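Numbering (UniProt numbering), first residue to last: 1 to 114. First the structure, in the form of C-alpha coordinates, and then the observations on it.
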Amino acid sequence: MTKEQITWADFDKINLRAGTIIAAEVFKEARRPAYILQVDFGPEIGVRKSSAQITVHYSPEDLIGKQVMAVMNFPPKQIGPIMSECLVTGFYDASGDVVLAVPDKPLQNGAKLG
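If you want it as C-alpha coordinates, here you go:
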(Lines of atoms letter the chains of each structure in order from A and count residues from 1; the text may use other names and numbers.)
(Lines give C-alpha, C1' and ligand atoms only; values in the text may rest on other atoms or scores of the structure.)
Protein backbone atom coordinates (compact mmCIF):
# COMPACT_ATOMS: atom_id res chain seq x y z
CA MET A 1 0.00 0.00 0.00
CA THR A 2 1.48 3.31 -1.07
CA LYS A 3 0.77 6.36 1.05
CA GLU A 4 1.00 10.00 0.10
CA GLN A 5 4.45 11.56 0.11
CA ILE A 6 5.48 13.62 3.10
CA THR A 7 7.96 16.42 3.47
CA TRP A 8 11.09 16.46 5.60
CA ALA A 9 9.20 18.79 7.97
CA ASP A 10 6.49 16.11 8.35
CA PHE A 11 9.08 13.43 9.13
CA ASP A 12 10.92 15.74 11.52
CA LYS A 13 7.78 15.94 13.69
CA ILE A 14 8.17 12.27 14.67
CA ASN A 15 10.08 11.79 17.92
CA LEU A 16 11.40 8.24 17.40
CA ARG A 17 13.71 7.04 20.17
CA ALA A 18 15.62 3.93 21.15
CA GLY A 19 14.89 2.38 24.52
CA THR A 20 15.49 -0.84 26.43
CA ILE A 21 12.67 -3.04 27.68
CA ILE A 22 13.11 -3.45 31.43
CA ALA A 23 9.83 -5.24 32.23
CA ALA A 24 7.28 -7.24 30.24
CA GLU A 25 4.14 -8.94 31.50
CA VAL A 26 1.04 -10.51 30.01
CA PHE A 27 -1.71 -7.91 29.59
CA LYS A 28 -4.50 -10.06 31.05
CA GLU A 29 -7.28 -7.51 30.39
CA ALA A 30 -6.42 -6.98 26.70
CA ARG A 31 -9.02 -8.02 24.12
CA ARG A 32 -6.28 -9.40 21.86
CA PRO A 33 -3.17 -11.10 23.28
CA ALA A 34 -0.65 -8.42 24.30
CA TYR A 35 2.08 -7.51 26.74
CA ILE A 36 2.53 -4.48 28.94
CA LEU A 37 6.07 -3.23 28.39
CA GLN A 38 8.10 -0.82 30.48
CA VAL A 39 10.78 0.77 28.33
CA ASP A 40 13.72 2.81 29.64
CA PHE A 41 14.46 5.82 27.41
CA GLY A 42 17.28 7.21 29.56
CA PRO A 43 17.44 10.02 32.11
CA GLU A 44 15.97 12.74 29.87
CA ILE A 45 12.72 10.82 29.18
CA GLY A 46 12.61 8.06 31.79
CA VAL A 47 10.59 4.84 31.74
CA ARG A 48 7.41 4.70 29.66
CA LYS A 49 4.66 2.06 29.43
CA SER A 50 3.35 0.60 26.21
CA SER A 51 0.91 -2.14 25.23
CA ALA A 52 2.21 -4.35 22.43
CA GLN A 53 0.51 -7.16 20.52
CA ILE A 54 3.72 -9.13 20.00
CA THR A 55 2.87 -12.40 21.75
CA VAL A 56 3.34 -14.67 18.70
CA HIS A 57 7.07 -14.00 18.26
CA TYR A 58 8.13 -13.08 21.81
CA SER A 59 7.75 -14.26 25.39
CA PRO A 60 8.09 -11.78 28.26
CA GLU A 61 11.48 -13.31 29.12
CA ASP A 62 12.72 -12.79 25.52
CA LEU A 63 11.90 -9.08 25.72
CA ILE A 64 13.88 -8.09 28.83
CA GLY A 65 17.01 -6.20 27.73
CA LYS A 66 15.87 -5.90 24.09
CA GLN A 67 16.28 -2.46 22.54
CA VAL A 68 13.32 -1.16 20.57
CA MET A 69 12.33 1.96 18.66
CA ALA A 70 9.26 3.87 19.82
CA VAL A 71 7.30 6.96 18.83
CA MET A 72 7.31 9.25 21.84
CA ASN A 73 5.10 12.13 20.75
CA PHE A 74 1.70 10.51 20.34
CA PRO A 75 -0.62 11.57 23.15
CA PRO A 76 -0.98 9.00 25.95
CA LYS A 77 -3.75 6.49 25.19
CA GLN A 78 -5.89 4.63 27.69
CA ILE A 79 -5.89 0.91 26.81
CA GLY A 80 -8.02 -0.92 29.33
CA PRO A 81 -6.54 -0.34 32.77
CA ILE A 82 -3.19 1.04 31.56
CA MET A 83 -2.11 4.33 30.01
CA SER A 84 0.11 3.67 26.99
CA GLU A 85 2.77 6.39 26.89
CA CYS A 86 4.63 5.50 23.68
CA LEU A 87 4.18 3.39 20.54
CA VAL A 88 6.73 0.59 20.17
CA THR A 89 7.27 0.02 16.45
CA GLY A 90 7.31 -3.16 14.41
CA PHE A 91 6.52 -4.74 11.07
CA TYR A 92 3.77 -7.19 10.14
CA ASP A 93 5.06 -10.54 8.92
CA ALA A 94 3.33 -12.64 6.22
CA SER A 95 0.86 -13.95 8.83
CA GLY A 96 -0.01 -10.48 10.13
CA ASP A 97 1.92 -10.87 13.38
CA VAL A 98 4.23 -8.12 14.61
CA VAL A 99 8.03 -8.37 14.54
CA LEU A 100 9.71 -5.59 16.50
CA ALA A 101 11.75 -2.90 14.76
CA VAL A 102 15.07 -2.94 16.61
CA PRO A 103 18.44 -1.21 16.22
CA ASP A 104 21.11 -3.57 14.86
CA LYS A 105 23.77 -2.16 17.21
CA PRO A 106 23.44 -1.17 20.90
CA LEU A 107 22.45 2.46 21.40
CA GLN A 108 22.23 4.81 24.35
CA ASN A 109 18.69 4.80 25.72
CA GLY A 110 16.92 7.87 24.37
CA ALA A 111 18.94 8.00 21.13
CA LYS A 112 16.86 9.84 18.52
CA LEU A 113 16.30 8.76 14.95
CA GLY A 114 17.46 11.65 12.86
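For each residue, glycine too, the CB sits at the ideal point set by N, CA and C. Small disclaimer: the values here were computed from a predicted structure and weren't measured.
Quiz item: From what residue to what residue does the alpha helix (DSSP H) around Asp40 run?
Solution: Taking the sequence shown and counting its residues from 1, the one referred to as residue 40 is at position 40. Counting along the chain, Asp40 falls outside any alpha helix (DSSP H), though it belongs to the beta strand (DSSP E) covering Tyr35 to Asp40.
Self-check item: Residues that DSSP places opposite Leu16 in a beta bridge
Solution: Indexing the sequence shown from 1 puts residue 16 at position 16. Leu16 pairs with Val71.
Quiz item: Given that a residue counts as buried once 16 or more other Cβ atoms are within 10 Å of its Cβ, and exposed if not, what is Glu85?
Solution: Translated into positions along the sequence shown, residue 85 becomes position 85. When all chains shown are included, Glu85 counts as buried.
Quiz item: Taking the alpha-carbon positions, what's the residue 121 to Glu4 distance?
Solution: Nothing in the structure corresponds to residue 121, since the chain is present only between 1 and 114.
Quiz item: Anyone know if the C-beta pair for Met69 and Thr89 falls short of 8 Å?
Solution: As a working mapping, residue 69 is identified with position 69 in the sequence shown. As a working mapping, residue 89 is identified with position 89 in the sequence shown. With contacts defined as CB atoms closer than 8 Å, Met69 and Thr89 qualify as a contacting pair.
Quiz item: Do you know offhand how far Asn15's Cα is from Gln53's?
Solution: Position 15 of the sequence shown holds residue 15. Position 53 of the sequence shown holds residue 53. Each residue's alpha carbon lies about 21 Å from the other.
Quiz item: Can you name the residues that DSSP bridges to Ala23?
Solution: Walking along the sequence shown from the start, residue 23 turns up at place 23. Partner(s): Gln38.
Self-check item: Where Ala111 falls: helix, strand or coil (DSSP)
Solution: Walking along the sequence shown from the start, residue 111 turns up at place 111. Note: Ala111 maps to coil in three-state DSSP.
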